[in-house]
Amino acid sequence: MSQPASPVNTANRTRSEAAFLEAQKVLPGGVNSPVRAFRSVGGTPVFIEKAKGAYLWDLDGNRYIDYVGTWGPAILGHAHPQVIRKIQQTAENGTSFGAPTLMETEMAQLVIDMVPSIEKVRFVSSGTEAVMSAIRLARAYTGRTKIIKFEGCYHGHSDYLLVKAGSGAATQGVPDSAGVPASTAAETLNARFNDLDSVEALFRAYPGQIAGVLIEPVAGNMGCIPPLPGFLEGLRELTRQESACLIFDEVMTGFRLAPGGAQERFGVTPDITCLGKIIGGGLPVGAYGGKLEIMAQVAPEGPMYQAGTLSGNPLAMAAGMETLKLLRQPGTYERLEALGQQLGDGLQAICQRKGIPYHLHGVGAMMTLFFAEGPIHNYQDVCRFDRERFNRFFWGMLDRGVYLAPSQFEAGFISLAHTGADVQATLEAAELAIR
Ligand code: KE4
8 MSQPASPVNT
18 ANRTRSEAAF
28 LEAQKVLPGG
38 VNSPVRAFRS
48 VGGTPVFIEK
58 AKGAYLWDLD
68 GNRYIDYVGT
78 WGPAILGHAH
88 PQVIRKIQQT
98 AENGTSFGAP
108 TLMETEMAQL
118 VIDMVPSIEK
128 VRFVSSGTEA
138 VMSAIRLARA
148 YTGRTKIIKF
158 EGCYHGHSDY
168 LLVKAGSGAA
178 TQGVPDSAGV
188 PASTAAETLN
198 ARFNDLDSVE
208 ALFRAYPGQI
218 AGVLIEPVAG
228 NMGCIPPLPG
238 FLEGLRELTR
248 QESACLIFDE
258 VMTGFRLAPG
268 GAQERFGVTP
278 DITCLGKIIG
288 GGLPVGAYGG
298 KLEIMAQVAP
308 EGPMYQAGTL
318 SGNPLAMAAG
328 METLKLLRQP
338 GTYERLEALG
348 QQLGDGLQAI
358 CQRKGIPYHL
368 HGVGAMMTLF
378 FAEGPIHNYQ
388 DVCRFDRERF
398 NRFFWGMLDR
408 GVYLAPSQFE
418 AGFISLAHTG
428 ADVQATLEAA
438 ELAIR
């Protein structure tokens with residue numbers, strides 16, 4: 008492999024270090040979302056000054072090739088000129104009205120056209136809000152209270168989803184955060200990803216009580232883990248038999264794995280779909296949607312209450328609509344697949360050549376290099392990873408100008424702004440950072 012002309016060195020981050028000290032005086036942990044604090048890898052987080060295309064620049068002027076993509080939304084790359092211009096034009100007419108606008112109807116129609124399961128949609132302001140509302144909707148529609156989720160999947164920070172598995176396989180959940188009442192957690196049951204038997208066991212243990220099964224159809228919050236063949240189809244059949252809602256949390260996979268998300272890619276149509284990230288083009292948008300008869304529950308059409316001051320916000324609708332329209336251009340997903348393949352193949356070749364235990368899962372433009380032997384089908388498998396080797400890799404890449412998620416339990420994201428040369432430069436850094 009050719010050596011880089013002038014090795015990139017971004018290890019001087021003194022301004023970020025000073026900024027982090029100041030931030031910790033006024034923000035819990037110095038951040039507005041925990042993962043940004045780099046606690047899992049240690050050290051000081053990078054403070055970003057600006058971003059454009061596939062690149063970030065920090066306060067010290069270092070440039071990074073970005074594979075976090077603000078955790079998924081930046082699928083076009085950062086600050087796409089057409090998105091920025093649309094936001095600017097929209098802002099000239101005001102930023103929020105708290106009243107209906109034509110843009111919300113147009114955006115809803117676009118989402119309905121793209122996502123197979125959605126016949127009617129409600130916009131909210133985050134993925135957390137979308138999933139929280141979808142759970143309430145499943146409970147309203149079925150009249151049941153229990154929810155099944157999967158260990159290792161993350162669905163935002165609502166009380167009933169910050170719940171981990173209890174001691175026994177079929178026991179009720181226990182809080183996974185301070186402040187979550189045990190009574191709330193008890194309504195949430197945990198199954199094992201890619202293990203249909205674990206789901207069937209819960210339906211047998213709680214007959215007629217389960218409102219819905221909530222899943223990331225491709226897991227992205229325990230690293231990227233795809234469904235085994237037949238797993239999603241099995242969930243679809245089981246929930247149909249049990250008259251429970253199948254809820255796909257496509258906050259991360261929506262519009263990334265295909266125009267219609269994982270449900271289009273894998274050909275399994277849920278009852279309710281949750282969306283976020285890409286749908287807002289980098290501005291705060293979440294959404295939940297599904298069949299007409301289910302969405303008829305949602306106020307003011309039906310009895311299930313949900314509301315939001317900034318829901319359907321004009322700026323967010325403008326950014327999201329422009330993003331989705333650009334994603335629908337021919338060749339988009341082929342290009343994302345090709346870049347993902349180039350990066351995944353290159354990383355695997357490095358690990359193989361060096362005899363490093365690894366497993367790589369990549370689905371289109373999202374992937375994770377696990378420093379653990381495969382197979383990796385669920386959360387327990389991921390927990391075998393070599394933490395020291397991951398941390399060496401993370402910092403080795405950051406110091407060479409490649410910005411990765413600061414946790415083995417996250418997915419990496421490629422954008423349409425990344426080039427083959429960016430991937431090649433990434434692999435040159437990885438050649439030195441994987442050890
Ligand atoms: P937000 O509330 O952060 O918009 O969405 C919550 C959420 C829901 N569902 C899935 C599948 C998600 O991945 C997320 C949020 N993802 C994390 C990254 N793994 C966001 C980053 C963060 O928490 O700061």
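Numbered according to the numbering used here, the sequence shown spans residues 8 to 442.
Just so you know, even glycine gets a beta-carbon here, dropped at the ideal spot from N, CA and C.
In this text, all values refer to a predicted model and were calculated from it rather than measured experimentally.
Going by beta-carbon coordinates alone, are C252 and I279 separated by less than 8 Å?
Looking up residue 252 in the sequence shown gives position 245. Looking up residue 279 in the sequence shown gives position 272. Yes, these two residues count as a Cβ contact at 8 Å.
With respect to the beta strand (DSSP E) encompassing G163, which residues constitute its N-terminal and C-terminal limits?
Translated into positions along the sequence shown, residue 163 becomes position 156. G163 -> no beta strand (DSSP E), and no H or E assigned at all.
Which one of S318, V292, Q304 has the shortest CA to CA distance from G134?
Counted from its first residue, the sequence shown places residue 134 at position 127. Ranking the options by Cα distance to G134, first place goes to V292.
Taking 7 Å as the cut-off, is the C-beta of N385 nearer than that to any heavy atom in the ligand KE4?
Residue 385 sits at position 378 when you count from the first residue of the sequence shown. No.
Cβ-heavy atom distance between V131 and the ligand KE4 below 7 Å?
Numbered from its first residue, the sequence shown carries residue 131 at position 124. Flag unset: Cβ of V131 not near the ligand KE4.
How would you label F397, buried or exposed, when you count the other beta carbons within 10 angstroms and need 16 or more for buried?
Within the sequence shown, the letter at position 390 stands for residue 397. Under this definition F397 is a buried residue.
Just to confirm my understanding: we take V225, look at its own chain, exclude 5 residues before and 5 after, and list those with CB closer than 6 Å. What are they?
Residue mapping note: residue 225 aligns to position 218 of the sequence shown, counting from 1. Same-chain partners within the cutoff: P233, T260, A269, V370.
How many Å lie between I383 and H366 at the Cα?
As a first step, residue 383 is located in the sequence shown; it is residue number 376 there, counting from the start. As a first step, residue 366 is located in the sequence shown; it is residue number 359 there, counting from the start. Rounded to the nearest angstrom, the two C-alpha atoms are 7 Å apart.
Contiguous beta strand (DSSP E) assignments of at least 3 residues, all confined to the stretch 56-100:
62-65, 70-73
Cutting at 6 Å between CB atoms, please list the residues of its own chain near A306, excluding the five before and the five after it.
For the purposes of this step, residue 306 is identified with residue 299 of the sequence shown, where counting begins at 1. Cβ within range, chain order: Y312.
Are the stretch 162-175 and the stretch 187-207 touching by the rule of at least three beta carbon pairs closer than 8 Å?
yes
Check this for me: beta carbons of T152 and R146, under 8 Å apart or not?
The residue given as residue 152 occupies position 145 in the sequence shown. The residue given as residue 146 occupies position 139 in the sequence shown. It is a contact, given that the beta carbons lie within the stated cut-off.
Excluding five sequence neighbours on each side, which residues of the same chain lie with their C-beta closer than 8 Å to the C-beta of V118?
In the sequence shown, residue 118 corresponds to position 111, counting from 1. So the list reads I125, V128, L282, I286, A294, G296, L331, once near-sequence residues are dropped.
So is C390 buried or exposed if we call it buried at 16+ other beta carbons inside 10 Å?
If you number the sequence shown from 1, residue 390 lands on position 383. Under this definition C390 is an exposed residue.
Distance between G353 and P107 (C-alpha atoms, nearest Å)
The residue you call residue 107 lines up with position 100 of the sequence shown. The residue you call residue 353 lines up with position 346 of the sequence shown. C-alpha separation (whole angstroms): 49 Å.
In whole angstroms, what is the alpha-carbon distance linking G79 and E308?
The residue you call residue 79 lines up with position 72 of the sequence shown. The residue you call residue 308 lines up with position 301 of the sequence shown. When rounded, the distance between both Cα atoms is 32 Å.
At 4 residues or longer, and completely inside the stretch 202-277: list those alpha helix (DSSP H) runs for me, N to C.
203-212, 238-248, 268-273
According to the Cβ coordinates, are M373 and G319 closer than 8 Å?
In the sequence shown, counting from the first residue as 1, residue 373 sits at position 366. In the sequence shown, counting from the first residue as 1, residue 319 sits at position 312. No. Outside cutoff.
Less than 8 Å between the CB atoms is what I'm expecting for V90 and E329, so what's the real figure, rounded?
For the purposes of this step, residue 90 is identified with residue 83 of the sequence shown, where counting begins at 1. For the purposes of this step, residue 329 is identified with residue 322 of the sequence shown, where counting begins at 1. Contact flag correct, Cβ pair sits at about 5 Å.
Considering Cα atoms alone, identify which of F400, E300, L317 is closest to E136.
For the purposes of this step, residue 136 is taken as residue 129 along the sequence shown, with counting starting at 1. That would be L317, whose Cα lies nearest to the Cα of E136.
With H, G and I counted as helix, E and B as strand and the rest as coil, what does DSSP make of N197?
Within the sequence shown, the letter at position 190 stands for residue 197. It is a strand residue.
In the DSSP assignment, the beta strand (DSSP E) including C281 goes from what residue to what residue?
For the purposes of this step, residue 281 is taken as the residue at position 274 of the sequence shown. Where C281 is concerned, the enclosing beta strand (DSSP E) stretches over 279-282.
With a threshold of 7 Å, establish whether the CB of H162 neighbours any heavy atom of the ligand KE4.
Your numbering for residue 162 matches position 155 in the sequence shown. Yes, the ligand KE4 has a heavy atom inside 7 Å of this Cβ.
Express the C-alpha separation of P310 and R46 in angstroms, rounding to a whole number.
Locating residue 46 in the sequence shown gives position 39, counting from the first residue. Locating residue 310 in the sequence shown gives position 303, counting from the first residue. C-alpha separation (whole angstroms): 42 Å.
With A333 as the anchor, note down where its alpha helix (DSSP H) starts and where it stops.
Here residue 333 is taken as the residue at index 326 of the sequence shown, counted from 1. The question names Ala, yet the displayed sequence has Leu at residue 333. Start and end: 321-334.
Helix, strand or coil: which one does DSSP assign to K361?
Here residue 361 refers to the residue found at position 354 of the sequence shown. Of the three classes helix, strand and coil, the one that applies to K361 here is helix, per DSSP.
For the stretch 242-256 against the stretch 43-57, do three or more pairs of beta-carbon atoms, one drawn from each stretch, fall closer than 8 Å, so that the two count as touching?
no
Cα-Cα separation, P88 to A58:
By one-based count along the sequence shown, residue 88 stands at place 81. By one-based count along the sequence shown, residue 58 stands at place 51. Straight-line Cα distance between these residues: approximately 12 Å.
Any idea what DSSP makes of V42, helix, strand or coil?
By one-based count along the sequence shown, residue 42 stands at place 35. If DSSP states are grouped into helix, strand and coil, V42 belongs with the helices.
Straight-line gap, R360 to I441 (C-alpha atoms, nearest Å):
Here the question's residue 360 lines up with position 353 in the sequence shown. Here the question's residue 441 lines up with position 434 in the sequence shown. If I take the Cα positions, the gap works out to 11 Å.
With a CB to CB cut of under 8 Å and the five nearest residues on each side skipped, what residues in its chain are close to Q10?
Locating residue 10 in the sequence shown gives position 3, where the first residue counts as 1. Caution applies to Q10, whose pLDDT of 46 falls short of 50 and renders its modelled position unreliable; the value that the coordinates give is listed next. Answer for Q10: E435, listed in chain order.
Rounded to whole angstroms, what is the Cα-Cα separation between A12 and L439?
The count along the sequence shown starts at 1 and reaches residue 12 at position 5. The count along the sequence shown starts at 1 and reaches residue 439 at position 432. Residue confidence for A12 is low, a pLDDT of 49 falling below 50, so the modelled location carries little weight; the figure read from the coordinates is stated next. In a straight line, the C-alpha of A12 is about 14 Å away from that of L439.
DSSP beta-bridge partners of Y410:
Counting from 1 along the sequence shown, the entry for residue 410 is found at position 403. Partner(s): D73.
Express the C-alpha separation of G219 and R247 in angstroms, rounding to a whole number.
Reading the sequence shown from its first residue, position 240 is the one you call residue 247. Reading the sequence shown from its first residue, position 212 is the one you call residue 219. Near 10 Å, if we compare the C-alpha coordinates of G219 and R247.
Nearest to N201 by CA position, among T191, L168, G241, S23, is which residue?
The residue given as residue 201 occupies position 194 in the sequence shown. Nearest of T191, L168, G241, S23 to N201, Cα basis: G241.
Taking buried to mean at least 16 other C-beta atoms within 10 Å of its own C-beta, is A18 buried or exposed?
As a working note, residue 18 is residue 11 in the sequence shown. Counting Cβ neighbours within 10 Å, A18 comes out exposed, since fewer than 16 surround it.
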